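Residue numbers (the numbering used here): 3 to 246.
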């Protein structure tokens, strides 16, 4: 992960088309809790509770969910009382998110827009920005971090979650989760795109954010239960804040 290139040199769209196509092909199954997205449904309450534990209640606050996919986290934050905007570049996933919102009655504004473009359009407009399980799927994660920092208000919160890059994460997140346990479709992740906490922390600092808290996320294959922990060696979440 690098932040050495200036923002002006980033691709017109900071996205990997193969990654977008991958999730588009699964779009219709976003809201099936027994589908390939079962892990997202399982960890969503953990993510939501941790966000509110760190940032406080979301009720009445403006929230941006970057890389929202089918809207699983977006809807849960809206149910918690936030005014939520979800953005993604996978159009089919957004269609599913909008359809589910019509069925559930949960109001979320969904837009197909790159986070860098939205940062130019709406700088400093959000109390909370979330970017979960997305950084490891884009060519330039540092560009996403900078855009999130631009979008949040002074004093606001930005939350990231991604995967650590080491031997253990390869064994657990790819070999174990994709090939042995079948928790995720094979090819969901590429290990060389995983991001070490030190790398993400450096990008956070360079973007003008302050790291506040970090938690790991673990899966027990015997109980089939996910939990937050102090172990950040595989999945981890990082809470950051923009100075006042």
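We treat Cβ as the ideally placed atom computed from N, Cα and C, and that holds for glycine.
Predicted model, so just to flag it, every value in this text is computed and none were measured.
- The Cβ atoms of residue 218 and residue 192 lie no closer than 8 Å to each other.
- DSSP places residue 150 in the helix class (H, G or I) of the three-state scheme.
- Assigned with DSSP and collapsed to three states, residue 78 falls in helix.
- By the neighbour-count definition (other C-beta atoms within 10 Å, threshold 16), residue 110 is a buried residue.
- By the criterion of a C-beta distance shorter than 6 Å, residue 53 is surrounded in its chain by 161, once the five residues flanking it on both sides are discounted.
- Burial of residue 152 is indicated by the presence of at least 16 other C-beta atoms within 10 angstroms of its C-beta.
- Contact between the stretch 86-99 and the stretch 111-129 is present: three or more C-beta pairs spanning the two stretches fall below 8 Å.
- Under the three-state reduction of DSSP output, residue 32 falls in the coil class, being neither helix nor strand.
- Spatial neighbours of residue 61 in its own chain (CB-CB distance under 8 Å, excluding positions within 5 residues in sequence) are listed in chain order as 82, 83 and 84.
- Shown here, residue 59 sits in coil according to DSSP, grouped into three states, outside any helix or strand.
- If you draw a straight line from the Cα of residue 212 to the Cα of residue 159, it comes to about 9 Å.
- If only uninterrupted beta strand (DSSP E) runs of at least 3 residues are considered, those enclosed by the stretch 67-151 are 85-89, 111-113 and 128-134.
- According to the DSSP assignment, residue 208 belongs to the alpha helix (DSSP H) that extends over 199-208.
- Distance from the Cα of residue 71 is smallest, within the candidate group 136, 199, 202 and 122, for 136.
- Judged by their CB atoms, residue 150 and residue 108 are not nearer to each other than the 8 Å cut-off.
- Secondary structure of residue 156 (DSSP, three-state): strand.
- Per DSSP, the continuous beta strand (DSSP E) segment holding residue 214 begins and ends at 212-222.
- For residue 17, the three-state secondary structure derived from DSSP is coil.
- In chain order, 75, 78, 79 and 82 place their CB closer than 8 Å to the CB of residue 50, counting only its own chain and leaving out the 5 sequence neighbours on each side.
- Rounded to the nearest whole angstrom, the C-alpha separation of residue 94 and residue 132 is 21 Å.
- Taken through DSSP and simplified to helix, strand or coil, residue 65 comes out as strand.
- Within the same chain, 156 and 212 come within 7 Å of residue 245 by CB-CB distance, once the 5 residues on both sides are set aside.
- Beta-bridge analysis with DSSP links residue 161 to 132 and 241.
- Sorting 227, 194 and 145 by C-alpha distance to the C-alpha of residue 168 places 194 at the top.
- Exclusion of the five residues before and after residue 56 leaves 159, 161, 214, 215 and 241 as the residues of its chain whose Cβ lies within less than 8 Å of its Cβ.
- Residue 47 is classed as exposed because its beta carbon has fewer than 16 other beta carbons within 10 Å across all chains shown.
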